[in-house]
């Protein structure tokens, strides 16, 4: 870490100086104590005569071959030849060439080493700068990571809020739907009651008219609400009770009995009477009512009674009677009995 | 400034095979040259490279030529026998004082049969005679050597025709303006062996600048070793082996000067002698890669004419390995340096890019 910190300090110093000088290479060379003028001359020389720079390398490597050649010859000379070479100056001449190449090679080596050191310096500075950038980038990534984490939390919260809103909206929507359907059911109930009251329930006899009322309610908004909507049972019970009340009031009015007295078991319909009223129905009406009450069974005896009578089947004793309040309760329950389980 | 690569092929007789090995290595690494300069055997080798315009092609042609030379010596003796040749070693055995079989006096007497050295000796001491018309006429007549240059001319005609040379790679040959056989010989001895006084400098001619009719003459003159070969008369002057000039510093035998003057920035110099006194430090602002023999290449005079298969094969192999070491080491270092420069440049650019990319975590 200490080395890294040192590198970073060096990098910072380098960056500062580079930005000051505007040229990294010149700067590196001036760090060797070379004057800017000399650096400029060197750069111009390198651009114009790149081979001169190569010469350092060639002199170093190839000069060794020259030295080896002359050393080989010197070694191969016998004693008289050496004396003769000394007298003629060839030995000195050869040694001079060797020395010159050694000197040149050493100079080249020295220059080469300095150049290598310069290269190393540049590489280290580049490395420092790169490390600086890496650290800077890592710091930036950390900041971004923190921001991202923070955003994640915020987004999580927002998603929670959004889900709550969605749920709330859904609930509100359900409630609106509920109110809407309940309102429709209420309206439907009222319109059917009104229709009966107005005399547009054209079937003969109150038993058939009651069935007709309930059947219309069953296949309209009222029936849908009570039998198929997942609504509060209490609301359904309230509507059903409202239906019963209205039926009792209406039947009381039509039968000419006091409204509260209709609940007494003394008011009855005879089977004969019901059978006779059904007999007044036209064939089309019978077929229609038979079709509409096809769903009835032994579990729904009042509706099944109607179904049997309109189908022409005489299934009950004519003298037997049914108590009106029980008929009303029973028939309403047969049409809307399963709504409580929903 | 563009770099220009020159190749110097120095003189050394049959040891010129060494240069074939050097060229083989250069061709192997696909190295080509912009100009060639040669003296003596180097002029003959250089002529082929120049004519081929390509070092790679020239190296291959030279290899085949030297393979032929190793089985059929180009050194044909002329004069002693009218109807045949004798081998070069035989000539040396017969004539040269260095040979142990004959006495110096006997050799000198035989030598005198082929060159009127008395006149040369007189000219050596008598400057008036030296400058006289009589002596100049004698010089023109006295250029007959012992060996025929016809085989060399055949090689030139076959592999380096005048037309190809004129259109070929920039090519220089080193020649020495003769002052007579004895004067040339004695000055060479004074310069190269005794170090009393160096011979005058050789002349370097750019072959492409020469009139067509003297292109081959100049090359043959460059290879005309005194005594052994005819001096070549060009424009009224006798020219011989350029290796005679600047004997002490080997400046004639190692014709670097014309390449330096022509602007070569890098020059590859091949030496055919052990411990050549040619000194790279006599020149500035030029990079020299010298190919010097690591093992002894032999400085025996007899080896100058030793066109024997085993010797040629050995020299070619030696030249190849010396070139691989001398040129290869520099080349490898140069590659490292260039790659290092490229890497540094990349680092510099990337740092500049990082500095200038306006990156700001807050921005």
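Residue numbers (our numbering), protein chains in the order written: chain A, 1 to 342; chain B, 1001 to 1363.
Where is the CB? At the ideal position from N, CA and C, for every residue including glycine.
Contact check for residue 1332 of chain B and residue 55 of chain A: beta-carbon distance about 17 Å, past the 8 Å limit, so the pair fails to qualify. Shown here, residue 1250 of chain B sits in coil according to DSSP, grouped into three states, outside any helix or strand. Classified as exposed, residue 169 of chain A has fewer than 16 neighbouring CB atoms from the shown chains inside 10 Å of its CB. Interface residue (Cβ-Cβ distance to chain B less than 8 Å): residue 99 of chain A is not classified as such.
In the DSSP assignment, residue 1270 of chain B falls outside any alpha helix (DSSP H) and lies within the beta strand (DSSP E) extending over 1266-1270. The DSSP assignment places 268-270 as complete runs of the beta strand (DSSP E) inside the stretch 194-282 of chain A, in order along the chain (cut-off: 3 residues).
The straight-line gap separating the alpha-carbon atoms of residue 314 of chain A and residue 175 of chain A is approximately 48 Å.
Apart from the 5 residues on each side of it in sequence, residue 216 of chain A sits with its Cβ closer than 7 Å to the Cβ of 192 in its chain, given in chain order. Counted as a single uninterrupted DSSP element, the stretch harbouring residue 1192 of chain B is not any alpha helix (DSSP H), since DSSP gives it neither H nor E. Listed along chain B is no residue with a C-beta nearer than 7 Å to that of residue 163 of chain A; the closest approach is about 33 Å.
Following the DSSP letters along the chain, one finds residue 1350 of chain B in no beta strand (DSSP E) but inside the alpha helix (DSSP H) bounded by residues 1309-1356. Residue 138 of chain A has a beta carbon lying at 8 Å or more from every beta carbon in chain B. Under the Cβ distance rule, residue 135 of chain A does not count among the residues neighbouring chain B, no pair being separated by less than 8 Å. By the Cβ neighbour-count rule, residue 201 of chain A is buried, with 16 or more other Cβ atoms within 10 Å of its own. Segment contact: the stretch 233-240 of chain A against the stretch 255-275 of chain A, fewer than three CB-CB distances shorter than 8 Å; contact not assigned. For the options B:1131, B:1216, B:1179 and B:1005, the alpha carbon positioned closest to that of residue 1151 of chain B is the one of B:1216.
Under the three-state reduction of DSSP, residue 1235 of chain B is assigned to coil, being neither helix nor strand. For the C-beta of residue 122 of chain A, the chain B residues within less than 9 Å are, from N- to C-terminus, 1344, 1347 and 1348.
For residue 61 of chain A and residue 117 of chain A, the gap between their C-alpha atoms comes out near 19 Å. With respect to the 8 Å criterion, residue 1042 of chain B and residue 1010 of chain B are classified as neighbours on the basis of their beta carbons. Boundaries of the alpha helix (DSSP H) harbouring residue 305 of chain A: 301-310, taken from the DSSP string.
Between residue 1242 of chain B and residue 1051 of chain B, the C-beta spacing is not below 8 Å. Chain B has no Cβ within less than 8 Å of the Cβ of residue 145 of chain A. Taking the Cα positions, residue 1267 of chain B is about 40 Å away from residue 1353 of chain B. Relative to residue 223 of chain A, the option among A:79, A:336 and A:75 whose CA is nearest is A:336. Among the residues of chain B, none has a CB under 9 Å from the CB of residue 118 of chain A; the nearest is roughly 11 Å distant.
In the DSSP annotation of this structure, the continuous segment of the beta strand (DSSP E) that includes residue 1287 of chain B starts and ends at 1287-1291. Between residue 1231 of chain B and residue 1178 of chain B a beta carbon distance of about 5 Å is seen, short of the 8 Å cut, so the two are scored as contacting.
Within chain A, the residues 72, 73 and 76 have their CB atoms less than 9 Å from the CB of residue 1296 of chain B, given in chain order. Within chain A, the residues whose beta carbon sits less than 7 Å from that of residue 1337 of chain B are 57, listed in sequence order. Taking 9 Å as the Cβ-Cβ cut-off, the stretch 1183-1201 of chain B approaches chain A at 1193, 1194, 1195 and 1196, given in chain order.
Its Cα nearest to that of residue 1214 of chain B, the residue B:1161 stands out among B:1161, B:1195 and B:1293. With a cutoff of 8 Å on beta-carbon distance, residue 265 of chain A and residue 321 of chain A are scored as not near each other. Under the three-state reduction of DSSP, residue 327 of chain A is assigned to helix. DSSP places residue 1024 of chain B inside the alpha helix (DSSP H), whose first and last residues are 1017-1028. Annotation for residue 1206 of chain B: the continuous beta strand (DSSP E) segment containing it runs 1203-1206.
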